[in-house]
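*Asks:* Chains as they are written, first to last, in my numbering: chain L, 1 to 334; chain R, 335 to 668.
There are 2 protein chains.
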Amino acid sequence: MATIRDVAARAGVSVATVSYVINGTKPVAPETAARVRRAMEELDYHPDASAQSLRTRTTHVIGVVVSDIANPFFATLVRGAEDCARQHGYSLLICNTGEDLENERIYLSLLSRRRVDGLLLAPTGKNDELIGRLIDRGMNIVFIDRTPPHLQAPAVLSQNEAGAYQATCHLIERGHRRIGIVLGLPDVSTTAERLRGYRRALAHYGLELDEDLLVYGRSQVAGAREACLALLSRPNPPTAIFATNNLMTIGAMQAIRKLSLRCPGEVSVVGFDDFEWAEAFDPPLTTVAQDPYGIGQQAVGLLLGLLSGDRKPEQVRLPVELRVRGSVARLEGG
Amino acid sequence: MATIRDVAARAGVSVATVSYVINGTKPVAPETAARVRRAMEELDYHPDASAQSLRTRTTHVIGVVVSDIANPFFATLVRGAEDCARQHGYSLLICNTGEDLENERIYLSLLSRRRVDGLLLAPTGKNDELIGRLIDRGMNIVFIDRTPPHLQAPAVLSQNEAGAYQATCHLIERGHRRIGIVLGLPDVSTTAERLRGYRRALAHYGLELDEDLLVYGRSQVAGAREACLALLSRPNPPTAIFATNNLMTIGAMQAIRKLSLRCPGEVSVVGFDDFEWAEAFDPPLTTVAQDPYGIGQQAVGLLLGLLSGDRKPEQVRLPVELRVRGSVARLEGG
DNA sequence: GCTATTGATCTAAACGATTAGGCTAAACGG
DNA sequence: CCGTTTAGCCTAATCGTTTAGATCAATAGC
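Next up, the structure:
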């Protein structure tokens with residue numbers, strides 16, 4: 001593989017000159033530049049990114065740490081991030097934690113070895129001190145989807161509380177009084193925020209909070225299915241379920257189907273996080289739509305702003321939207 | 335950020351010794367090693383990956399070039415690849431081409447600048463010569479999902495022809511005689527293979543191929559929707575549609591819905607590529623299931639084998655499975 | 001006409017790791 | 001007891017870039 005010296009030799013100039021024409025950092029005579037460019041062409045020369053990084057102390061790589069890229073929410077978010085990153089000459093290094101804090105630890109160490117220029121991080125919620133140390137050591141981090149509880153850091157998030165509030169209000173306005181909520185991981189900020197929205201809606205309508213209606217689905221299909229099976233098998237089951245993420249919505253639907261209940265006939269469902277095919281479902285799902293693509297885009301934008309120093313750290317909240325379809329029944333007396 | 339010299343100084347040894355304890359490349363006295371390790375700990379030292387790469391000429395990075403990571407098929411594939419890569423100390427650099435050959439070109443150049451150790455590539459099908467040059471220059475490439483037509487190269491693929499054959503047979507056996515097929519991008523190998531399976535099934539049952547029933551959906555939801563709208567609005571429409579990827583299956587369903595046709599009552603549908611929620615659809619979708627996670631895993635496995643030199647280049651075909659659900663009607667006389 | 005500036009180029013020192021080769025002292029084989 | 005090996009450590013070259021500083025000629029300013 002050709003190096004800068006090979007190019008320099010072939011063009012009859014010094015390596016410095018070649019570097020100048022590559023980066024445009026100093027003026028070079030037009031005909032010299034042309035000679036250099038031709039030499040690069042002929043040798044099929046590509047500057048070695050490792051050497052550049054070593055010298056310039058910048059990698060043009062952004063680390064992305066999410067729980068699971070096979071989750072459409074994160075997949076779309078990453079797509080948004082990548083589209084934006086590419087436009088600015090950055091690449092993405094993908095890390096799936098599987099919501100495991102040990103994996104998160106390993107990845108954060110890996111990414112700091114790789115000297116990534118910045119990080120997009122959806123924290124599991126238990127590595128606060130480690131993340132704090134990273135930030136102190138100058139690592140640029142933008143949190144996505146969630147934010148660590150005790151850190152005021154730049155982040156791009158959804159309006160979780162407002163979304164949960166809307167979803168719950170929608171159910172109440174359609175006559176539901178006993179509304180189950182399937183919550184995600186306890187240490188993740190979205191869980192707390194969505195629960196807050198749920199509580200606020202209940203309070204707004206003067207409804208008592210029944211602790212028995214709060215169940216935890218570990219943010220996964222299987223977890224939600226088990227939780228909902230238990231919830232719906234109780235003596236006094238809820239008439240509606242609010243599932244606080246996309247996977248848990250599927251889990252809830254599976255539980256309903258397994259118990260041979262009819263949705264929305266016997267149990268209504270609202271899900272948090274829309275997905276492309278929610279409309280084609282049986283029944284078409286009523287959901288709170290987030291904008292994962294936008295989150296990814298804006299997160300990279302924010303991060304690049306941080307890197308170039310001309311943008312202050314801030315928290316961005318992207319709007320959500322209730323999409324009413326067919327999974328919520330209107331109860332008499334509602 | 336601490337360097338190896340800082341560690342060496344603090345531990346009272348030379349940089350070479352530090353390197354030896356990091357990599358275990360030469361014997362080091364236990365107490366010396368302990369001192370070094372403590373120094374690394376205290377300084378929170380992480381070896382600079384760029385410097386290591388420059389010196390060792392290996393990056394432990396695998397480039398992954400797919401059309402769209404927001405497509406669940408590729409998202410799951412990447413997840414499988416990542417899980418496998420991590421276990422062997424490799425990271426993934428993600429590139430979305432959007433099926434655009436110019437993007438593919440840019441990315442291939444970028445990845446060769448980054449000196450990735452290898453490549454997982456789902457080629458758009460039009461950059462054959464460029465890819466050939468890359469291979470000639472020693473780049474290790476494993477093709478995923480598809481393979482460039484004129485290159486016999488290591489690849490991990492699905493049994494596309496067999497899958498399409500099964501899907502088409504299933505429709506024929508249920509009495510369908512006029513079966514529309516929605517094809518993807520013409521230059522992509524999966525398109526040709528799936529069409530071949532379709533033809534073989536027709537031939538096997540002695541049915542004539544009607545060219546009018548072949549339509550192209552550009553591998554996308556919108557493209558398939560338009561194509562199916564046209565197809566189903568003709569004087570003599572098909573009684574069934576075989577959509578040859580997941581997105582185009584959605585597009586076909588949208589078209590059917592838009593024309594107020596009933597599925598499976600008036601039009602039956604089989605899709606290629608299952609997705610997690612196909613069962614929850616209305617109607618539950620009959621699909622040919624691939625194993626994208628397995629493709630990702632095996633592709634990385636193959637690539638690492640290539641890198642270590644103890645595995646010969648080969649083509650792997652992963653089995654597919656017809657999952658019969660509710661989107662195919664049985665016609666009288668079938 | 002002299003000094004200051006600028007354009008165009010070069011030389012050589014970094015950046016932070018790995019590793020060949022050298023040295024010393026201890027262990028070993030016969 | 002002597003030659004050979006080996007453990008344990010060090011020095012210094014090297015990987016492929018960027019860039020500060022030097023050089024020299026041409027141009028500009030006065």
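The C-beta atom is built at its ideal place from N, Cα and C for all residues, glycine as well.
1) Determine whether the Cβ of Ile-69 (chain L) lies closer than 8 angstroms to any Cβ atom of chain R.
2) Return the first residue and the last residue of the alpha helix (DSSP H) that Cys-503 (chain R) is part of.
3) At least one CB of chain R closer than 8 angstroms to the CB of Glu-82 (chain L): is that the case?
4) Nearest to Glu-610 (chain R) by CA position, among R:Leu-464, R:Pro-406, R:Met-335, is which residue?
5) In the DSSP assignment, find the alpha helix (DSSP H) that holds Phe-74 (chain L) and state where it starts and stops.
6) From the beta carbon of Ala-342 (chain R), is the nearest beta carbon of chain L less than 8 angstroms away?
7) Using 8 angstroms for Cβ pairs, my map puts Gln-297 (chain L) next to Cys-84 (chain L). What's the rounded Cβ distance?
8) How would you label Gly-223 (chain L), buried or exposed, when you count the other beta carbons within 10 angstroms and need 16 or more for buried?
9) Just the Cα atoms here: how many angstroms apart are Leu-453 (chain R) and Ala-409 (chain R)?
10) Is there at least one Cβ from chain L nearer than 8 angstroms to Asp-382 (chain R)'s Cβ?
11) Evaluate contact between the stretch 517 to 530 of chain R and the stretch 569 to 579 of chain R, counting only Cβ atoms and requiring at least three cross-stretch pairs below 8 angstroms.
12) Just the chain L side, please: which residues come within less than 8 angstroms of Phe-615 (chain R) by C-beta, in chain order?
13) Kindly indicate the opening and closing residues of the alpha helix (DSSP H) around Ile-131 (chain L).
14) Can you find a CB in chain L that lies within less than 8 angstroms of the CB of Val-412 (chain R)?
15) Beta-carbon of Val-66 (chain L) versus every beta-carbon of chain R: anything under 8 angstroms?
16) Anything in chain L within Cβ reach of Ala-385 (chain R), meaning under 7 angstroms, just list it in chain order.
17) Is there contact here, the stretch 391 to 399 of chain R with the stretch 25 to 41 of chain L, by at least three beta-carbon pairs under 8 angstroms?
18) Once the 5 residues before and after Gln-220 (chain L) are set aside, which same chain residues still bring their CB inside 8 angstroms of it?
19) So Ile-256 (chain L) contacts chain R; which residues on that side make the cut at Cβ distance below 9 angstroms?
20) Please classify Leu-209 (chain L) as buried or exposed, where buried requires at least 16 other C-beta atoms within 10 Å of its C-beta.
21) Against chain R, does Asn-245 (chain L) count as a neighbour if the rule is that its beta carbon must be under 8 angstroms from one of theirs?
22) Considering only residues of the same chain and omitting the five flanking positions on each side of Leu-563 (chain R), which have a CB-CB separation below 8 angstroms?
23) Check whether the stretch 201 to 216 of chain L touches the stretch 120 to 140 of chain L, counting contact only when three or more Cβ pairs, one atom from each stretch, lie closer than 8 angstroms.
24) Which term fits Met-1 (chain L), buried or exposed, when burial requires 16 or more other beta carbons within 10 angstroms of its beta carbon?
25) Determine the contact status of Pro-572 (chain R) and Gly-660 (chain R), defining contact as a CB-CB distance below 8 angstroms.
26) Looking only at DSSP bridge pairs, what is Cys-597 (chain R) linked to?
27) What did DSSP end up calling Arg-591 (chain R) once you bin it into helix, strand or coil?
28) Please identify, using Cβ separations under 9 angstroms, the residues of the stretch 441 to 471 of chain R that lie next to chain L, in order along the chain.
29) Would a check of beta-carbon distances place Asn-357 (chain R) closer than 8 angstroms to chain L?
30) Do we get a CB-CB distance below 8 angstroms when we pair Gly-334 (chain L) with the residues of chain R?
31) Run the CB neighbour count on Glu-376 (chain R), radius 10 Å, all protein chains shown included, and call it buried at 16 or more, exposed below.
32) Give me the chain R residues within the contact set of Leu-93 (chain L), using Cβ-Cβ distance strictly less than 9 angstroms, ordered along the chain.
33) Between which two residues does the beta strand (DSSP E) harbouring Gln-649 (chain R) extend?
34) Please go through the same chain and pick out, in chain order, the residues whose beta-carbon is closer than 7 angstroms to the beta-carbon of Leu-548 (chain R), but skip the five residues on each side of it.
35) Any idea what DSSP makes of Ile-179 (chain L), helix, strand or coil?
36) Per the DSSP calculation, Leu-656 (chain R) is bridged to which residue(s)?
*Replies:* Reading it off the structure:
1) Along the first sequence, read from residue 1 onward, the residue named residue 69 (chain L) stands at position 69. Nearest CB-CB separation between Ile-69 (chain L) and chain R: below the 8 angstroms threshold.
2) Along the second sequence, one-based indexing puts residue 503 (chain R) at 169. Looking at the DSSP string, the run of the alpha helix (DSSP H) that includes Cys-503 (chain R) is 494 to 507.
3) Along the first sequence, one-based indexing puts residue 82 (chain L) at 82. It does: the Cβ of Glu-82 (chain L) has a partner Cβ on chain R nearer than 8 angstroms.
4) Walking along the second sequence from the start, residue 610 (chain R) turns up at place 276. Nearest of R:Leu-464, R:Pro-406, R:Met-335 to Glu-610 (chain R), Cα basis: R:Pro-406.
5) Translated into positions along the first sequence, residue 74 (chain L) becomes position 74. Taken as a continuous stretch (DSSP letters only), the alpha helix (DSSP H) holding Phe-74 (chain L) covers 72 to 87.
6) Mapped onto the second sequence, residue 342 (chain R) falls at position 8. Output row for Ala-342 (chain R): interface = no.
7) Numbered from its first residue, the first sequence carries residue 297 (chain L) at position 297. Numbered from its first residue, the first sequence carries residue 84 (chain L) at position 84. Indeed they touch by this definition, with Cβ atoms about 5 angstroms apart.
8) In the first sequence, residue 223 (chain L) corresponds to position 223, counting from 1. That one is buried.
9) The residue given as residue 453 (chain R) occupies position 119 in the second sequence. The residue given as residue 409 (chain R) occupies position 75 in the second sequence. Cα-Cα distance, rounded: 16 angstroms.
10) Position 48 of the second sequence, counted from the start, is the residue given in the question as residue 382 (chain R). Chain L contact via Cβ: present.
11) Contact between the stretch 517 to 530 of chain R and the stretch 569 to 579 of chain R is present, because at least three Cβ pairs lie under 8 angstroms.
12) As a working note, residue 615 (chain R) is residue 281 in the second sequence. Residues of chain L passing the Cβ test: Trp-277, Ala-280, Phe-281, Asp-282.
13) Within the first sequence, residue 131 (chain L) is the residue found at index 131, counting from 1. Looking at the DSSP string, the run of the alpha helix (DSSP H) that includes Ile-131 (chain L) is 128 to 136.
14) Within the second sequence, the letter at position 78 stands for residue 412 (chain R). Closer than 8 angstroms: yes.
15) By one-based count along the first sequence, residue 66 (chain L) stands at place 66. Interface annotation, Val-66 (chain L): not in contact with chain R, CB-CB separation never under 8 angstroms.
16) Stepping through the second sequence from its first residue, residue 385 (chain R) is reached at position 51. Chain L residues near Ala-385 (chain R): Leu-54.
17) The answer is no - the stretch 25 to 41 of chain L does not touch the stretch 391 to 399 of chain R, with fewer than three Cβ pairs under 8 angstroms.
18) Working through the first sequence from its first residue, we reach residue 220 (chain L) at position 220. Excluding positions up to five away in sequence, the list reads Leu-247, Met-248, Gly-251.
19) Taking the first sequence and counting its residues from 1, the one referred to as residue 256 (chain L) is at position 256. Here the premise fails: no neighbours, minimum Cβ distance about 10 angstroms.
20) In the first sequence, residue 209 (chain L) corresponds to position 209, counting from 1. With fewer than 16 other Cβ atoms within 10 Å, it is exposed.
21) Locating residue 245 (chain L) in the first sequence gives position 245, where the first residue counts as 1. Chain R contact via Cβ: absent.
22) Here residue 563 (chain R) refers to the residue found at position 229 of the second sequence. Within the same chain, Leu-563 (chain R) has close Cβ partners Ala-589, Lys-592, Leu-593.
23) Judged by Cβ distances under 8 angstroms, the stretch 201 to 216 of chain L makes no contact with the stretch 120 to 140 of chain L, as fewer than three pairs qualify.
24) As a first step, residue 1 (chain L) is located in the first sequence; it is residue number 1 there, counting from the start. By the 10 Å Cβ count, Met-1 (chain L) comes out exposed.
25) By 1-based counting over the second sequence, the position of residue 572 (chain R) is 238. By 1-based counting over the second sequence, the position of residue 660 (chain R) is 326. Contact: no.
26) Taking the second sequence and counting its residues from 1, the one referred to as residue 597 (chain R) is at position 263. For Cys-597 (chain R), which the question treats as bridged, DSSP gives no partner whatsoever.
27) One-based indexing of the second sequence puts residue 591 (chain R) at position 257. Correct three-state label for Arg-591 (chain R): helix.
28) Listed in sequence order: Tyr-441, Ser-443, Leu-444, Leu-445, Ser-446, Arg-447, Arg-448, Arg-449, Arg-467, Arg-471.
29) Along the second sequence, one-based indexing puts residue 357 (chain R) at 23. Asn-357 (chain R) does not count as touching chain L.
30) Walking along the first sequence from the start, residue 334 (chain L) turns up at place 334. Here Gly-334 (chain L) scores only 45 on pLDDT, less than 50, and its place in the model should not be relied on; the value that follows carries that caveat. No, Gly-334 (chain L) lies away from the interface with chain R (no Cβ there is under 8 angstroms from its Cβ).
31) For this step, residue 376 (chain R) is matched to residue 42 along the second sequence. With fewer than 16 Cβ atoms within 10 Å of its Cβ, Glu-376 (chain R) is classed as exposed.
32) If you number the first sequence from 1, residue 93 (chain L) lands on position 93. What Leu-93 (chain L) touches in chain R: Val-395, Ser-425, Leu-426, Leu-427, Ile-428.
33) Position 315 of the second sequence, counted from the first residue, corresponds to residue 649 (chain R). Counting along the chain, the unbroken beta strand (DSSP E) around Gln-649 (chain R) starts and ends at 649 to 652.
34) Position 214 of the second sequence, counted from the first residue, corresponds to residue 548 (chain R). Here the set comprises Ile-515, Leu-517.
35) By one-based count along the first sequence, residue 179 (chain L) stands at place 179. In this structure, Ile-179 (chain L) counts as strand in the three-state DSSP scheme.
36) By one-based count along the second sequence, residue 656 (chain R) stands at place 322. Secondary-structure assignment with DSSP links Leu-656 (chain R) through a beta bridge to R:Val-622.
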